[in-house]
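In this text, residue positions in the sequence shown follow my numbering: the first is 28, and each later residue adds one.
Scroll down for the structure; my scribbles are underneath it.
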Amino acid sequence: MLPANPTEREELHSSNISRVIRKEIFGYKTQSCRKALCIAGSILSCGALLLLFYWKPEWDVWANCIRCSLEEADIVLLRTTDEFRIYSRKTVTWISVSALIKSRSDYPAAAEEDSIFSKAIVKPSLQVKSIQVQKIRYVWNIYAKQFQKVGALEDHHTCSAIHAKFGSGLTCYEQNVRRVICGPNTIDVPVIPIWKLLVKEVLNPFYVFQLFSVCLWFAEDYMEYATAIIIMSLLSIFLTVYDLRQQSVKLHRLVESHNNIMVTVCRNKEGFQELESHHLVPGDMLVLKESKTLLPCDAILISGQCIVNESMLTGESIPVTKTHLPQADNFKPWRMHCAEDYKKHVLFCGTEVIQTKGDDRGFVKAVVLRTGFNTAKGDLVRSILYPKPMNFKLYRDALWFLMCLIAFAAIGMIYTVCVFALNGEEAGEVVKKALDVITIAVPPALPAALTTGIIYTQRRLKKKGIFCISPQRINMCGQLNLICFDKTGTLTEDGLDLWGLLPSERNCFQDIHSFPADRSLPWGPVFRAMAVCHSLIVWEGKIQGDPLDVKMFEATNWVIDDSSGHQIEGQGSTHATVVRPGPKASSAPVEGVTILHQFPFSSALQRMSVIAQEIGGEQQVFTKGAPEMVAMLCRAETVPSNFESKLLLYTAQGFRVIGLACKSLQAGKQSTDLTREEVESDLTFLGLLIMENRLKRETKAVLEELSAARIRSVMVTGDNIQTAVTVAKNAGMISPTNRVILVEANKIPGSFSASITWKPLEENKPEDYGSLEDDSQTERKIRLALGSGQYHFAMSGQSYQIVAQHFRHLLPKLLLNGTVFARMSPGQKSSLVEEFQKLNYFVGMCGDGANDCGALKVAHAGISLSEQEASVASPFTSQTPSIACVPELIREGRAALVTSFCMFKYMALYSTIQYLGVLLLYWQLNSFGNYQFLFQDLAITTVIGVTMSFTGAYPKLVPYRPPSQLISPPLLLSVVLNILFSLSMQIFGFVVVQEQPWYSKTDIHSACLSMNNHMENSSSVSSLEHHGMRDGALGQMDNGYKSYENTTVWLLSTINCLIVALVFSKGKPFRQPIYTNYVFILVLIGQLGICLFLVFADIDDLYSKMDLVCTPTTWRISMVIMLAVTLAVSFLVEEAVIENRPLWLLLKKTFRYHSKSHYKRLQQVLEQDSAWPPLNETFFSDSVAISIQGNMGGHSNPTFDSNEDTL
């Protein structure tokens, strides 16, 4: 590792932290005088400064500390490099190793010379400087001047170095030093105490504002609503805390079983030792027993062979064979030497070892590679503990929205202070009234109302079998416009059926053997290949393994005899698998075949091989894999001349085709001494195995529905490209009239440049299977299709990686029409999703959890069809393994998003209506009474807030999405116009009531002379002697609020809230019509009935309680007419202008508005480009490539998937 240049260190924020969790790092040193000032400020502000520092940790650091180099720092500030730029504060801690290192001469030991453990110890104090970030410990490397991750073996070790340095284990002393520096090998997720969760929830800025509001209301005797808000808030807090606590307990249980397992380690000079797994350190030598064991860490297998169940990581409970790390003597780091196949030597934490096969001495040994949270399992747990922050316009706009309301409130406060101060009110009362304006303008019930909408949607999804662990992503689902689908198990049925076998002899294909067949397969090399070329095992009495292997083996009617030891000539005793003819098998001239050695299937090499020996016969090699790959390894004279056309014939029909090959080994060679390259060369081609992978019943209908809704579907699979294209056509992803263009990118051997070629894929008529067509007529046909944009790109994972490295500028153009991505590795899937997101697509990923884990986490909405542990990190999980959940989720997401907008608009209008009414009455030093506020806040708004969200999703997906931002012209116009209508009506009522002949400023009974107690009451009205807005001198019949203006404004504003609720409750096209929400309609009718009763009733006690006064019937009718006009105008404007989609599209066109989305801009550019896409052309790149090794796999489960694990 290169030391960071001291001058660049703070600029580049040198550390590996930047690369592993993408954070910048700054060093700070605490200053005593600054700290003293901050403590004084916290005391003087009654803790307000502490609260501010809690919300903004960077302010805390900036106030208490001064900037310094990382070397001198005692506090570090980390900042994420994404658009959120989130800060976190970490304290530097010192770990002492002086007790372990008695004299400096005996350290470092042999295994430590070039390790981080020797480079981190500060002399002479013998201490190590460290910080902990997201559960990972980093120590300061004195020489490289940067923080480096510990808890993992360094990457620079070569294969031979791992065997030499760690092959005999660490000494007890080395182990102790490592244990102190790395910490325990546990994935410890403590259950968070309830009090901690409560404190964290209560200190949320929203609840702090609510606390301020409640204190103010208690000071003004507005007890009832204050109590109601307290109850609602407590309920909301307890529900959230309960939910968080449940998640914490669930996660704790998920990991606790792996924290204390008894393991056997080999100590250098001390032999074998039993110890608890939390004592393990990187470099320890583990000895695996034959019994089933859970792995407590990641380890590199260095001797023997293992079969493990990796379902915890991959979601597939298929046994995986692990082989030992070769003792290759070269200078390449071990991971680079093994390339993409390094995983076949690594045993991952949390996976289960089912079976072990010892080496010559019967041992199965592994070197501990990573411990604790650095492991694959730890990484999965961290992805749940620290999810990727979400960038959704709605949440950013919500903050702007609240800021606008606060600014609005500030204007009201200035007005209030001026009016009351000029009229000589007491200072205390003026302050109370001014502060009260904030609680009116900013609705405290808004977050609760928004949360209820999401909770209802979550409940509806649960009924449909879709579970959600990240509720805030539901709104995002309403914006999805591109869905990536895995193929096998998602679009197609999980299992494969054996369809046929096309044997080859003397470089000619023979007659096809169909399955299920009446006649059994004849004995021969092809039969032997099917019987032994697999990685199947007998586990719990059943044959377990890859479904493809199971089907192939079952077709032979042989059985696996998995006894423990077999004498093999010249090999001594070893654990081997023997296959024998079963009861139903046709007669075979052999007793059985022994599988001596396996080279497991590798997705990079696209093949697997075995060395097998007939009992009493010669040793043979059998290989199976991707036909193109197998054919390349065979002697040319054994491959039929029509191989390519035959392969195309079957792949074009959507079959999965497997190539088979074999060769005999020279006698006397030890099978274990042979390298894979030696074994897999000069093979004899045996034929093609043809498997059928049927589409799921609902696939086609779902994809058609998405296509009709203008939601793009993309296939991302590990299968053959031709098969994937055919499945895409059969499923309707690619329509019959559209053309498919194959994009092939290759590295040019011996240079750093690459080439890229565009070839039209043949339409494959049944009678003509030419590979690619190029006559001029076809060229014209293709050009015609391309001109109308009806073309799709298909490319392999290898081509995708080369394009991303060498043709970066072409990648967006290819993604714009890329529909099929085949032979994609898990890391490439994640990378592809992120590239789509960079083009401003809202990406959904639907997979069976198998190798889609990373992509499911990275996507805006990941939907896992597997309930395996691996998919716990997926935001959504469907109980039924069918893609029918995708449109369902989009429908509910759209409905939830529209509900959120309705709620925002309603809450904005309700608070503004109340705010305008109060400010109007302030002009006369009057206000609403306590019960008037209570009726509006509790009986109207709270009930509407809870029931408005009951409206379900509209069953049909329309070909456009709801708006994604609050601050959009239609929405703003709707809010502004409705505020103007409200303001006009309230001012009109306020002014006109004063012009009425019966109006009197002092005598509030002048309008209804018939009232019996008129004479008694009139005397109690002193010209507006008020006792504060809500102080409610309840003993008096008239508490100073009663006036004709108050009655008029309050009745108009209350019923106006109902009008707004009705007008804003959107139905089609994203939600069901409003009349289907029976509860909401009944609530509105009930509330309107009560309001009209209050308008027309003449019940003295009721009016007295509600601070209303009697007015003539003609005035009451006038008020109803005003409200009816407002309703009509508001409804008309909302329907004819705000919801008029064609009108807004016309305005966009008129003002030449262009979408800000990258993909839309790119579409417009490419439509004008007649040279795109280039057909039958080849481009060459410059020799400079962009290195993207890190981000090709680092997003998914970096420990499990990536090609590098940066230390």
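Don't be surprised by glycine CBs; every beta carbon is placed ideally from N, CA and C.
Helix or strand or just coil, what does DSSP make of residue i?
| i | result |
| --- | --- |
| residue 259 | helix |
| residue 325 | strand |
| residue 583 | coil |
| residue 757 | helix |
| residue 819 | strand |
| residue 68 | helix |
| residue 642 | coil |
| residue 890 | strand |
| residue 941 | helix |
| residue 156 | strand |
| residue 829 | helix |
| residue 1183 | coil |
| residue 634 | strand |
| residue 204 | helix |
| residue 656 | helix |
| residue 742 | strand |
| residue 346 | strand |
Answer with buried or exposed for residue i, where buried requires no fewer than 16 other C-beta atoms within 10 angstroms of its C-beta.
| i | result |
| --- | --- |
| residue 1149 | buried |
| residue 226 | exposed |
| residue 654 | buried |
| residue 305 | buried |
| residue 1181 | exposed |
| residue 992 | exposed |
| residue 717 | buried |
| residue 361 | buried |
| residue 270 | exposed |
| residue 372 | buried |
| residue 526 | buried |
| residue 854 | buried |
Look at the Cβ atom of residue i, then the Cβ atom of residue j, and state whether they are nearer than 8 Å.
| i | j | result |
| --- | --- | --- |
| residue 392 | residue 331 | yes |
| residue 1200 | residue 827 | no |
| residue 158 | residue 408 | no |
| residue 531 | residue 635 | no |
| residue 642 | residue 623 | no |
| residue 56 | residue 100 | yes |
| residue 903 | residue 494 | yes |
| residue 327 | residue 396 | yes |
| residue 651 | residue 686 | yes |
| residue 504 | residue 920 | yes |
| residue 956 | residue 1134 | yes |
| residue 889 | residue 930 | no |
| residue 585 | residue 608 | yes |
| residue 487 | residue 979 | yes |
Identify the residues that DSSP records as bridge partners of residue i: which are they?
| i | result |
| --- | --- |
| residue 167 | 174 |
| residue 773 | 782 |
| residue 524 | 719 |
| residue 51 | 106 |
| residue 312 | 293 and 394 |
Does any C-beta atom of chain C lie closer than 8 Å to the C-beta of residue i?
| i | result |
| --- | --- |
| residue 823 | Looking for chain C here will not work: only one protein chain is present. |
Closer than 7 Å to a non-hydrogen atom of the ligand ADP - does that hold for the CB of residue i?
| i | result |
| --- | --- |
| residue 89 | Summarising the ligand content, the structure contains no ligands, and the ligand ADP is consequently not present. |
- [ ] Evaluate the contact criterion for the stretch 255-266 versus the stretch 166-176: three or more CB pairs, one atom per stretch, below 8 Å.
- [x] Too few Cβ pairs lie closer than 8 Å, so no.
Open item on the list: Tell me whether the stretch 839-847 and the stretch 1156-1170 touch, counting them as touching only if at least three CB pairs, one residue from each stretch, are closer than 8 Å.
Closed with: Touching, no.
Open item on the list: Can you confirm whether the stretch 723-732 touches the stretch 670-683 when touching is taken to mean that 3 or more C-beta pairs between the two stretches lie within less than 8 Å?
Closed with: The stretch 670-683 is not in contact with the stretch 723-732.
- [ ] Check whether the stretch 764-776 touches the stretch 942-961, counting contact only when three or more Cβ pairs, one atom from each stretch, lie closer than 8 Å.
- [x] No, because fewer than three Cβ pairs between the stretch 764-776 and the stretch 942-961 fall closer than 8 Å, the two stretches do not touch.
TODO: Assess, as a yes-or-no matter, whether the stretch 907-927 is touched by the stretch 732-752 under the definition of 3 or more beta carbon pairs within less than 8 Å.
DONE: Verdict: yes, contact present.
Open item on the list: Between the stretch 1009-1027 and the stretch 1067-1086, can you find at least three pairs of beta-carbon atoms closer than 8 Å?
Closed with: Yes: at least three Cβ pairs fall under 8 Å.
TODO: Check whether the stretch 228-242 touches the stretch 457-475, counting contact only when three or more Cβ pairs, one atom from each stretch, lie closer than 8 Å.
DONE: Between the stretch 228-242 and the stretch 457-475, the count of C-beta pairs closer than 8 Å reaches three or more; the two stretches touch.
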